[in-house]
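Just below is one structure, and these are the notes that go with it.
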Amino acid sequence: MAKRKFHLTDAQEQELIQAYQQCADGATRTRYQAVRMYGTNYPLSEILKLTRCSTTSLMEWCQVFTQSGTAGLVDKRLGGNSTKLTAEQRSEIELRLHQYTPRDLFGTLTHTADGQFWTVEDLHHALQQGYGVE
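Note that the working numbering has the sequence shown beginning at 2, numbered continuously upward.
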């Protein structure tokens, strides 16, 4: 079995504990905890089970901690999706969907026979026509 090369000093362990206690972000707290556990010789299988991270992620976090300290472990993901419309535009669309039927906007070029109800295809057409997005 390979020997662990990553070990924490008492000061580093205390730094991770303090950062963990002050942090509200779950992903960042998990990183602090995982690095602290690995650096204090917890069994790898137990760390992976408790934190639900991969071995690769854990090793990357340990390397980042060595290079940048606790600041490097802060979760930098932005989240959200790649929305193409602003909140104001989405509100406008919602209003239009409640005010008009597809037939009102597209005449007979709707995806249902009577054009009374919105379909995904009709919404796609409205977004493409009104905002130029796919």
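For each residue, glycine too, the CB sits at the ideal point set by N, CA and C.
These figures come from a predicted structure and were not determined experimentally.
CB of residue i within 8 Å of CB of residue j, strictly
i: E14; j: R37; result: yes
i: Q129; j: E135; result: yes
i: T71; j: L17; result: yes
i: L96; j: W119; result: no
i: Y21; j: R30; result: yes
i: D76; j: A28; result: yes
Limits of the alpha helix (DSSP H) - the one that residue i falls within
i: E89; result: A88 to Q100
i: P44; result: Looking at the DSSP string, P44 is not in any alpha helix (DSSP H), and its letter there is neither H nor E.
i: T56; result: T56 to S69
i: L72; result: In the sequence as displayed, the identity of residue 72 is Ala instead of Leu. Counting along the chain, A72 falls outside any alpha helix (DSSP H), and DSSP gives it neither H nor E.
i: G116; result: G116 -> no alpha helix (DSSP H), and no H or E assigned at all.
i: L17; result: D11 to Q23
i: F107; result: P103 to F107
Assigned exposure category for residue i - 16 Cβ within 10 Å defines buried
i: I48; result: buried
i: A25; result: exposed
i: T87; result: exposed
i: R32; result: buried
i: T41; result: exposed
i: Y39; result: buried
i: G81; result: exposed
i: G133; result: exposed
i: A114; result: exposed
i: G116; result: buried
i: A35; result: buried
i: T109; result: exposed
(message) Under 8 Å, with one C-beta from each stretch per pair, do the segment 85-105 and the segment 48-56 reach the 3-pair mark?
(response) Between the segment 85-105 and the segment 48-56 there are fewer than three inter-stretch CB-CB distances shorter than 8 Å, so the stretches are not counted as touching.
(message) Whether or not the segment 58-73 and the segment 9-28 are in contact is what I'm after, with contact meaning three or more pairs of Cβ atoms, one per stretch, closer than 8 Å; do they touch?
(response) yes
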